[in-house]
Amino acid sequence: MTKLPLTLIAMVLLFARCGEETPVPKPPTYLRHDFPKHAYQPISSECPYTFELSTAYSYTNVMQNGQPTCHKDIDLGPLNGTISFSYIEMERPLKDYVEYALSKVEEHQVKADRIEDEHVIRPDAKVYGTFFELKGDVASPFQFYLTDSSTRFISGMVYFNSRPNYDSLKPSLDYLKQDLKHLMETFEWK
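Here my numbering runs 1023 ahead of the position in the sequence shown, where the first position is 1.
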């Protein structure tokens, strides 16, 4: 007689369990970023170039032998990264400098899922160059170079102060990409 109620209770519990959904683990999430609104200020110095930089960022002159140079380290502020911005007075043919810039991009080819490039051609301002976006878990997700094609050359590389994780950096990369494009669009030689 006691077997029937126990069997009945077991069947009720079994059928009651069938209606529930199986729990599924949630995917990892990343913190939401509240970036400042895009606003720009002109950057001008003793250097033979000017451009507009986001007001969220600051720059410092790189010193050499106690003297300021036209190389800049641009602190990306809330993005926790740096743009290493180098200026070169060309002494060799342009192709040597372009090949050097391309070799820096190629160093990241092993880790990059894809490399996209976009040419900058502004003949009215004598500004020519290429903007590289390296997608994937790379140390430098953006690189670029600008030149007047005869005497001056600028190269830039972006580095974040964190482990390269493309998925978690994607919001920051999208935000920064807009600012870098603005820098390149407003870049002028003096």
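Cβ atoms here follow ideal geometry from the backbone N, Cα and C, with glycine treated the same way. Note that the coordinates shown come from a computational prediction; the quantities given were computed from them, not determined experimentally.
Cβ atoms of residue j and residue i: under 8 Å apart, would you say?
i, j, result
"A1124", "Y1168", "yes"
"E1156", "E1129", "no"
"Q1166", "G1179", "yes"
"H1061", "S1195", "no"
"P1101", "F1154", "no"
"S1163", "N1103", "no"
"R1175", "P1071", "yes"
Which class does residue i belong to by DSSP, given the choice of helix, strand or coil?
i, result
"A1135", "strand"
"T1209", "helix"
"Y1198", "helix"
"E1122", "helix"
"P1065", "strand"
"S1185", "coil"
"L1099", "coil"
"P1091", "strand"
"K1049", "coil"
"E1112", "strand"
"D1147", "helix"
"S1173", "coil"
"D1057", "coil"
"D1190", "helix"
"V1161", "coil"
"T1030", "helix"
State the Cα-Cα distance for the pair residue i and residue j, rounded to the nearest angstrom.
i, j, result
"L1203", "D1119", "24 Å"
"H1094", "F1108", "6 Å"
"I1097", "K1049", "38 Å"
"K1149", "S1172", "8 Å"
"D1147", "V1047", "58 Å"
"E1122", "L1199", "25 Å"
"V1181", "L1206", "13 Å"
"E1208", "N1088", "32 Å"
"Y1201", "E1211", "Position check: residue 1201 holds Gln in this sequence, whereas Tyr was assumed. Roughly 18 Å separates the two Cα atoms."
Once the 5 residues before and after residue i are set aside, which same chain residues still bring their CB inside 6 Å of it?
i, result
"I1177", "Y1110, L1169"
"Y1082", "K1095, I1097"
"E1220", "Since the first residue shown for the chain is 1024 and the last is 1213, residue 1220 is missing from the structure and cannot be characterised."
Please find out if some non-hydrogen atom of the ligand NAP comes closer than 7 Å to the beta-carbon of residue i.
i, result
"P1046", "The ligand NAP is not part of the structure shown, which contains no ligands of any sort."
Using C-beta distances below 7 Å, list every residue in its chain close to residue i, excluding the 5 sequence neighbours before and after it, in chain order.
i, result
"Q1064", "E1075, L1076, T1078"
"I1144", "Y1151"
"T1105", "D1096, I1097, D1098, L1099, Y1182"
"K1213", "P1071, Y1072, T1073"
Going by beta carbon distance, what residues of the same chain come within less than 8 Å of residue i, once the five residues before and after it are set aside?
i, result
"S1067", "T1073"
"L1117", "T1170, S1172, S1173, F1176"
Within 8 Å of any Cβ in chain C, is that where the Cβ of residue i sits?
i, result
"Y1082", "Absent from the structure: chain C. Only one protein chain is present."
Can we say the region 1180-1199 touches the region 1158-1165, given the rule of at least three CB pairs closer than 8 Å? Segments in contact, yes.
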